[in-house]
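*Asks:* Numbering-wise (the UniProt record's numbering), the sequence shown opens with residue 1 and increments by one.
Please read through the structure below; I'll follow up with questions.
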Amino acid sequence: MASKSRQSKGRDGVLTGLDVAIQLLSVAKDACSVFPHAQIALGSACTLLTIIRDTMGNKRDFVDLGLFCAHVCDALNRGLGEFSTDELGKSVHEAIEQLTATIAEIKEKVDEKGKRNLFSRIVNVKSDKDAIAGWRQALAEILQVFNTELHIDTRVAVERCRRDVLTALGGQQDPSQASISSGELPPPAPKAFFGRDGLIEEIVGRAEKLESIALIGAGGIGKTAIALTVLDHKRIRERFGDNRRFIRCDEFPPSRADFLARLSKVIGAGVKTPKELASLRPFLSSKQMLIILDNAESILDPKGTDSKEMSKMVKELSDFSNICICITSRISNVPPHCKRLEIPTLTKEAARDVFYSIYGDGEWSSIIDDLLQRLDLHALSVTLLATVASDNKWSYDRLAKEWGERRSQFKTSYNDSLAATIELSLTSPTFRELDKNGNARHLLEVVAFYPHGVDEKNLKQFFPTILDRQNIFDKFCVLSLAYRNNGFVTMLAPLRDYLSPEVPESSPLLCATKDCYFTRLSVDLYPGRPGFAEAEWIKSEDVNVERLLDVFTSIDMIAPDIWDPCAKFLEHLRWHKPRLTVLRSKIEGLPEDHPFKSRCLFGLSQSFGPAGNQPEGIRLLTHALTLERKRGDDFRVALTLKYLAEAKVETGDEEEGMKQAGEALEIYKRLGDTAGQAECSYVLAHLLFHNDEPDAAEDAISKMIDSLTEKGQDFLLCRSHCVLGEVYAEKEENEEAIAQYKMALEIASHFNWWLELISIHAALAQLFLDEDEFDDASAHIERAKSNALDDAHTLGHMTKFQARIWYQQHRLEDARCEALRALEILERANCRKIKESRELLQDIEGAIKERPSESDSD
1 MASKSRQSKG RDGVLTGLDV AIQLLSVAKD ACSVFPHAQI ALGSACTLLT
51 IIRDTMGNKR DFVDLGLFCA HVCDALNRGL GEFSTDELGK SVHEAIEQLT
101 ATIAEIKEKV DEKGKRNLFS RIVNVKSDKD AIAGWRQALA EILQVFNTEL
151 HIDTRVAVER CRRDVLTALG GQQDPSQASI SSGELPPPAP KAFFGRDGLI
201 EEIVGRAEKL ESIALIGAGG IGKTAIALTV LDHKRIRERF GDNRRFIRCD
251 EFPPSRADFL ARLSKVIGAG VKTPKELASL RPFLSSKQML IILDNAESIL
301 DPKGTDSKEM SKMVKELSDF SNICICITSR ISNVPPHCKR LEIPTLTKEA
351 ARDVFYSIYG DGEWSSIIDD LLQRLDLHAL SVTLLATVAS DNKWSYDRLA
401 KEWGERRSQF KTSYNDSLAA TIELSLTSPT FRELDKNGNA RHLLEVVAFY
451 PHGVDEKNLK QFFPTILDRQ NIFDKFCVLS LAYRNNGFVT MLAPLRDYLS
501 PEVPESSPLL CATKDCYFTR LSVDLYPGRP GFAEAEWIKS EDVNVERLLD
551 VFTSIDMIAP DIWDPCAKFL EHLRWHKPRL TVLRSKIEGL PEDHPFKSRC
601 LFGLSQSFGP AGNQPEGIRL LTHALTLERK RGDDFRVALT LKYLAEAKVE
651 TGDEEEGMKQ AGEALEIYKR LGDTAGQAEC SYVLAHLLFH NDEPDAAEDA
701 ISKMIDSLTE KGQDFLLCRS HCVLGEVYAE KEENEEAIAQ YKMALEIASH
751 FNWWLELISI HAALAQLFLD EDEFDDASAH IERAKSNALD DAHTLGHMTK
801 FQARIWYQQH RLEDARCEAL RALEILERAN CRKIKESREL LQDIEGAIKE
851 RPSESDSD
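This is the structure:
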C-alpha cells in the first residue's frame with residue numbers, strides 16, 4: 001500500500017509540475033500579444049505540455065510509459081521545428097530541448113526492454129518497476145528545471161510587455177497593475193453542495209461579527225467546500241464585497257516570506273516582497289475583510305519549519321479588529337480565541353443528494369444507503385463512489401459487487417484518489433516526528449483494523465511496551481486521523497479501509513491486542529458467579545471482537561486457539577448482548593468432526609430466540625446435540641437437551657420439551673450435578689405451566705425453590721419466582737403474582753441482570769395494565785426500555801408495549817407516535833415478529849379516524 005502511495009505521489013508531482021508550466025506559458029502567451037511570433041510559439045508549447053499532462057493523467061499503467069514517451073517526443077519535435085531560437089527565446093528553446101532529450105532517453109530504455117520480451121511484464125517485475133520509477137523521477141526533475149527556466153523567461157517577457165504597453169500609453173498607469181492591486185477573487189463555490197445548513201449559518205453569523213473561525217476535520221470531509229460556500233453566501237458578499245479572499249496554504253513553502261508574499265498578492269496590497277506583516281498593516285487596516293486560510297495545517301503544523309513564526313503571523317492577522325480569519329485544517333493547532341468547529345460527516349440525506357447528483361438519474365435504493373453508511377457518510381468518499389459508478393455506468397447491484405470485491409478498476413478510480421488526501425496527513429511534520437521509531441504507523445493500523453477503534457481504557461493493557469502510547473493517540477486526534485467517540489479512539493471508515501494492515505497476522509501490535517481480547521473471553525460465564533459482571537465489556541467491544549474472529553478464522557479454519565475464543569465470544573453475546581453474528585456461515589461450514597463446531601453451534605443458537613426466530617435456534621441446537629452425542633460428552637448432551645427443552649416453550653411443543661428435560665435430568669443425576677438437576681426442574685415446571693398444568697407447575701417450582709440452598713443459585717431462584725408469578729397471574733391472583741415478580745426484581749436488581757430486569761418489568765407492567773393502573777404500567781415499561789438500549793429487538797417490543805398502554809388509556813396520538821417508533825426500531829433490526837406491531841398501529845389509526853370530531857361532540 002505504501003509503494004502505491006509513493007507511485008501516486010510521484011505521478012502527482014510530475015502532473016503538478018506540468019500544470020505549473022502550462023499556467024506560466026498561458027500567462028506569457030497572453031502577455032506577448034504585441035509579439036505575434038512569440039505568442040504563437042508559447043501557445044504551441046502550452047499545447048504540447050497539455051498533451052503530456054493529459055497523457056500522464058489518463059494512463060495509469062506503467063506499460064503505457066513507452067507509448068507516452070513516443071507521443072511526447074514526436075509532438076515536441078514537430079512543434080520545435082516551426083520556430084527558431086530567436087522566436088521562442090533562448091531559455092525556452094533550451095528547456096524544451098532538454099525535456100525532449102530526457103523523454104527520448106526514457107523511451108529508448110523502455111523500447112530496449114520490449115526487444116528483450118520483458119515489456120509485457122514490466123508491472124510484475126520489481127527490478128523493472130524500480131527502473132521505471134527512476135525514469136519517472138528523472139522526468140519529474142527535468143520538469144522542475146524546465147519550470148524554473150520557463151518561469152524566469154516568462155517573468156522577463158511579461159516585464160518587457162508591461163514596459164512596451166506603458167510606453168504605448170504614454171506613461172499612463174499600467175492596467176494590469178491596476179487589476180493586480182484589486183487582489184484576487186476567491187474560487188467559485190461548489191455547484192453541488194448539500195446539507196450542513198445549520199453549520200453554514202453559524203459560520204456566516206460569526207464571520208459577520210468578525211470572529212475568527214477554524215474548521216477542523218479529516219481530509220475529504222468537506223472543509224474547503226464549506227469555506228467556499230460561505231464565501232459565496234449572499235450575506236457574506238453583501239458584507240465584504242470584493243474583499244473576500246482565499247489562500248491555499250499548501251501551494252507555497254511554509255515560510256514567512258512566502259506567506260507574506262502570497263497574502264500581499266491575494267489581498268491586492270501591491271507590496272511585492274514584504275518582510276514583515278507590519279508592511280501590510282496600512283492596507284489590512286483599511287477595510288473589512290474575510291480571509292480563508294485553506295489547508296492551514298501546511299503552515300501551522302507545530303513540527304514544521306518556521307512553525308512558531310507562522311503561527312505568530314496568523315495570530316497577529318486574526319487580531320485585526322476589521323478582519324475575519326477562517327481557517328480550514330486537519331490539525332487543531334490554531335490561534336487562541338479562534339472558534340474551533342469540528343466538521344461532522346454528511347447526514348444520510350445530504351450524502352444521498354451528493355451521490356444521486358453525480359450518478360445521474362437514478363431512483364432511491366437501499367443498496368446505495370448501505371454503501372453510504374459503510375463509508376461513514378464521508379463527503380469525498382461519497383463523491384468518489386458516485387463518480388466511479390457514473391463513469392463506468394454501473395447499476396446499483398454492480399456497484400455493490402465491485403465495492404465488496406475491490407477489483408482493480410475500482411481500486412484505481414477510488415483508492416488512488418482517496419490515498420492522496422490521506423497521505424497528506426501521514427507526511428505532515430507532526431506525524432513524521434511521532435513515527436520516528438515506527439510505533440505511530442503501527443498503532444494507527446490497529447485503530448484502523450477495529451471498527452470501533454481502541455478503548456482508551458485498554459491502552460496500557462494492549463500496548464505495555466509503548467511508553468508514549470497516550471501521547472501518540474492524542475496526536476492522532478490532533479491530526480484528524482482519528483477522533484474520540486464514547487471513550488474509543490476511532491476513525492472514519494474510508495481511513496480504516498486504507499490504513500488497516502494488509503496482512504493482519506504479521507502485525508505484532510494487532511496480534512498483541514488479539515491475545516488480550518482472547519484472554520478476556522476465557523472466563524466461564526453464569527449469572528451471579530465471579531467474572532460475570534466484569535464480562536459486560538463485550539457490550540461496547542463486541543464488534544471489535546467479531547471483526548478479529550472473522551479475519552483470523554479465515555486465516556486458519558482449524559486452529560483451536562481461534563475457535564475456542566469464538567465459542568466463548570458467542571457465550572458472552574448470549575448473556576450480555578444477544579444478537580446475530582456474521583460468523584454464522586463460517587461456523588456452519590466447519591467440518592462435522594471439528595472439535596469446536598458443536599460448541600459454536602450451541603452458542604450461535606442462543607442469538608435466534610431474541611431475534612424472533614426460535615425455530616432456527618432449535619435447528620442449530622438439534623445439530624449441536626447430534627454432534628455431542630457422537631463425541632460422547634454427557635455434560636454437553638445434558639446442557640444442550642436442557643436448552644432445547646426450554647426453547648420448546650416458545651414453539652408450543654411442551655410434550656417434546658418435557659421429554660428432553662427429563663432426559664437431561666437423568667444425565668445430571670448420573671453425573672451428580674445438583675445445579676444441573678435444579679435447572680432441569682425449573683425447565684420442567686415452566687413447561688408444565690405452558691402445558692396448561694398450573695397447579696403441577698406451582699407444586700414443582702415451590703419444591704425446587706425450597707431446595708435452592710447452595711450459594712451461587714440466585715439466578716435460578718430469580719427465574720423460579722418469575723415462573724410462580726406467571727402461575728399466579730394465570731389464576732388471576734394478581735397481588736400474589738406481583739409479590740413473586742417483585743422478589744425476582746430484587747434479586748435481578750442486585751446483580752444488574754438486564755435481560756431478566758426487562759422481562760420482569762414487562763410482566764409487572766402487564767399486571768398493572770390489567771388493573772387499569774396505567775401510570776404504574778408505564779413506569780415499569782420505561783424501566784424495561786432503559787435496560788434494553790443495547791438490544792434493538794427488545795427495545796422495539798417494549799416501545800410497542802408502551803404504545804399499547806397508551807392505546808388502552810385512549811391517548812391515541814401518543815400511542816400512534818410510539819407505535820410508529822416501535823415499528824421503525826423493529827424494521828431497522830430486521831425483526832421477524834413485526835406483524836403484531838403493524839396490526840397495533842392499524843388499530844390505533846382506525847380509532848383515531850373513528851374518534852368523534854369536536855363539531856360532532858358540540
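Using N, Cα and C, we set each Cβ at its ideal position, and we do this for glycine too.
Does the Cβ-Cβ distance between L641 and E663 come in under 7 angstroms?
*Replies:* Cβ atoms of L641 and E663: closer than 7 angstroms.
*Asks:* According to the Cβ coordinates, are G603 and L570 closer than 7 angstroms?
*Replies:* Cβ distance < 7 angstroms, so G603 and L570 count as in contact.
*Asks:* Tell me whether residue 889 sits in a helix, a strand or coil according to DSSP, three-state version.
*Replies:* The structure shown does not extend to residue 889, since the chain spans only 1 to 858, so no value can be given for it.
*Asks:* For C831, which of helix, strand or coil comes out of DSSP?
*Replies:* C831: coil per DSSP, three-state reduction.
*Asks:* Rounded to a whole number of angstroms, what is the C-alpha to C-alpha distance between W563 and L573?
*Replies:* Going from the Cα of W563 to the Cα of L573 covers about 15 angstroms.
*Asks:* May I have the straight-line CA-CA distance separating G268 from D376, to the nearest angstrom?
*Replies:* Taking the straight line from one Cα to the other gives about 41 angstroms.
*Asks:* With DSSP run on the structure shown, which of helix, strand or coil describes K312?
*Replies:* Reduced to three states, the DSSP call for K312 is helix.
*Asks:* What are the boundary residues of the alpha helix (DSSP H) that Y643 is part of?
*Replies:* 634-651 is the extent of the alpha helix (DSSP H) around Y643.
*Asks:* Look up S702 in the DSSP assignment and say whether it is helix, strand or coil.
*Replies:* Residue state, collapsed to three classes: helix.
*Asks:* L510 and V446 - do their beta-carbons sit closer together than 7 angstroms?
*Replies:* Going by C-beta atoms, V446 is nearer than 7 angstroms to L510.
*Asks:* Using the C-alpha atoms, what's the distance from I758 back to D550?
*Replies:* Computed Cα separation, rounded: 31 angstroms.
*Asks:* To the nearest angstrom, how far is it from the Cα of P429 to the Cα of I299?
*Replies:* If you take the alpha carbons of P429 and I299, they lie about 10 angstroms apart.
*Asks:* Report the start-end ranges of each alpha helix (DSSP H) in the UniProt repeat "TPR" (718-751) that is 4 residues or longer and not cut off at the edges.
*Replies:* Whole alpha helix (DSSP H) segments, 4+ residues: 734-751.
*Asks:* Could you tell me which of P578, L717, E732, R619 sits nearest to A744, measuring between CA atoms?
*Replies:* Nearest of P578, L717, E732, R619 to A744, Cα basis: L717.
*Asks:* Just grab the DSSP bridge partners of Y483 for me.
*Replies:* Answer is T490.
*Asks:* Just verifying my parser: in three-state terms, what is the DSSP assignment at L204?
*Replies:* According to the sequence displayed, residue 204 carries Val and not Leu. V204: helix per DSSP, three-state reduction.
*Asks:* Pick helix, strand or coil for R244, following the three-state DSSP scheme.
*Replies:* Of the three classes helix, strand and coil, the one that applies to R244 here is strand, per DSSP.
*Asks:* I believe R816 touches E845 by the beta-carbon criterion, under 8 angstroms. Please report the beta-carbon distance rounded to the nearest angstrom.
*Replies:* 6 angstroms between Cβ atoms; contact.
*Asks:* Using 7 angstroms as the limit for Cβ to Cβ distance, is T273 near chain C?
*Replies:* Within the model displayed, chain C is absent; a lone protein chain is all it includes.
*Asks:* Taking 7 angstroms as the cut-off, decide whether the C-beta atoms of P190 and L231 are in contact.
*Replies:* No, the Cβ-Cβ distance between P190 and L231 is not below 7 angstroms.
*Asks:* If we ignore side chains and look at the alpha-carbon of each, how far apart do D391 and F355 end up?
*Replies:* If you take the alpha carbons of D391 and F355, they lie about 13 angstroms apart.
*Asks:* Please report the straight-line C-alpha distance between V123 and E502, rounded to a whole angstrom.
*Replies:* Caution is warranted here: a pLDDT of 36 is assigned to V123, below 50, making its placement in the model unreliable, and the coordinate value is therefore given only provisionally. Using only the alpha carbons, I get a separation of about 20 angstroms.
*Asks:* Based on the DSSP secondary-structure assignment, which residues constitute the bridge partners of R352?
*Replies:* According to DSSP, which records beta bridges pairwise, R352 is partnered with nothing at all.
*Asks:* Quick one: what's S307 bridged to in DSSP?
*Replies:* Its beta-bridge partners do not exist; DSSP assigns none.
*Asks:* Out of L627, V649, F801, D790, which one is the CA nearest neighbour of R609?
*Replies:* The sequence given here has Gly at residue 609, not Arg. If we check each option's Cα against that of G609, V649 comes out closest.
*Asks:* Excluding the 5 residues preceding and the 5 following K849 in the sequence, name in chain order all residues of the same chain whose CB lies nearer than 6 angstroms to its CB.
*Replies:* Cβ within range, chain order: n/a, list empty.
*Asks:* Rounded to whole angstroms, what's the CA-CA distance from H378 to T328? Just pull it up for me.
*Replies:* If you take the alpha carbons of H378 and T328, they lie about 17 angstroms apart.
*Asks:* Taking DSSP as the reference, what is the three-state secondary structure of E654?
*Replies:* Helix, per DSSP.
*Asks:* What residue range is occupied by the uninterrupted beta strand (DSSP E) comprising D294?
*Replies:* 289-294 is the extent of the beta strand (DSSP E) around D294.
*Asks:* Starting from A784 and walking both ways along the alpha helix (DSSP H), at which residues does that stretch end?
*Replies:* Counting along the chain, the alpha helix (DSSP H) containing A784 begins and ends at 774-787.
*Asks:* Kindly indicate which residue of K312, I291, E546 has the alpha-carbon position closest to the one of D301.
*Replies:* Among K312, I291, E546, the Cα nearest to that of D301 is on K312.
*Asks:* Label Q606 either buried or exposed according to how many other C-beta atoms from any shown protein chain fall within 10 Å of its C-beta, with 16 as the threshold for buried.
*Replies:* Per the 10 Å Cβ criterion, buried.
*Asks:* Would you identify the three-state DSSP class for R811, choosing helix, strand or coil?
*Replies:* Looking at R811 - three-state DSSP - the assignment turns out to be coil, as it is neither helix nor strand.
*Asks:* Secondary structure at L231, three-state DSSP: helix, strand or coil?
*Replies:* In the structure shown, L231 sits in a helix (DSSP, three-state: H, G or I).
*Asks:* State yes or no: is the C-beta of L795 within less than 7 angstroms of the C-beta of I825?
*Replies:* Closer than 7 angstroms, so yes.
*Asks:* I want to know whether the segment 432-452 touches the segment 233-244 - three or more CB-CB distances under 8 angstroms.
*Replies:* No, the segment 432-452 does not touch the segment 233-244.
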